[in-house]
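Single-structure report; data block below.
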Ligand code: ZN
Ligand code: FE
Ligand code: FE
Ligand code: ZN
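Residue numbers (the numbering used here): 336 to 613.
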């Protein structure tokens, strides 16, 4: 894990979301053990767009848990100052029509980094285990999901609510792809990223999923690099030992593409990290 030294993991969860294990301090300690220079705690934002009775404690923390989460991460930032930079983050769902509600939550706390995710697609979850049966309905359904996903993602980016877009090609999680790549929709997403200066995470979480590859896919990553979209490193750890997961393989992958720097965020401003030379 030496190659992770000096890097930053911008995407980790905690027990609070109901499907991850470990306290935020366990993630910070693991990041220190790996020699990372920064780690963002980015638990799932409460379901701000759904009525309280729709809250699912296995998908996100409840709204009343958010202040304690923030306080805890801010306390860790102080406790480990000089050892590692602990970043207050959140993984925030984009839900069209609820942008102002999200903006209000984001204004309330001194976030370092806001990850933008499209998990919720007008009534269903793109990536919840319960959604796999939708993809199994056949190629037409798969294509429809991808189509809607890319369109929604473009709107998410253009909302400018987010610093970094998480798991860019998320609908591939269960291994279902459109029969032909939706290149034009991807192009619109890339144009939105460059127009807004939004970063994208290179996430090793996909390796732990049925699809078995990083987000974004190799071809999409090449297009992002060509468009000079800023990149961050992310494990999307849902257990402390997953911090920095696979980074030692991602670095050479990025080097081969000519990428020599990645970013992290402090008070929502990008900070450059030089990648270690091979
Ligand atoms: Zn999660
Ligand atoms: Fe996510
Ligand atoms: Fe996540
Ligand atoms: Zn995630």
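Just so it is clear, CB atoms sit at the ideal spot from N, CA and C, and this is done for glycine as well. Every value quoted in this text rests on a predicted model; they were computed, and no experiment measured them.
Query                                                                                                    : Result
Within 8 Å, strictly: CB atoms of residue 450 and residue 496                                            : no
Beta carbon of residue 344 nearer than 8 Å to that of residue 375                                        : yes
Residues bridged to residue 500 [DSSP beta-bridge criterion]                                             : 451, 535
Any 3 or more C-beta pairs closer than 8 Å across the stretch 459–467 and the stretch 517–531            : no
Residue 350 - DSSP class collapsed to helix/strand/coil                                                  : helix
Cβ pair residue 566, residue 598 closer than 8 Å                                                         : yes
Residues that DSSP places opposite residue 460 in a beta bridge                                          : 455
Burial state of residue 631, where buried means 16 or more other Cβ atoms lie within 10 Å                : Residue 631 is absent from the structure shown; the chain starts at 336 and stops at 613.
Closest Cα partner of residue 366 within the set 468, 576, 588                                           : 576
Whole runs of the beta strand (DSSP E) within the stretch 581–606, excluding any shorter than 3 residues : 596–601
Rounded Cβ spacing between residue 535 and residue 564 (contact assumed at less than 8 Å)                : 5 Å
Residue 426: CB within 7 Å of a non-hydrogen atom of ligand 5                                            : Absent from the structure shown: ligand 5. Ligands present: ligand 1, ligand 2, ligand 3 and ligand 4.
Integer Cβ distance of residue 570 from residue 539, believed to fall under 8 Å                          : 5 Å
Straight-line Cα distance separating residue 581 from residue 336                                        : Unreliable positioning characterises residue 336 in this predicted model, as indicated by a pLDDT of 46, which lies under 50. A coordinate reading is not provided.
Residues bridged to residue 424 (per DSSP)                                                               : 448
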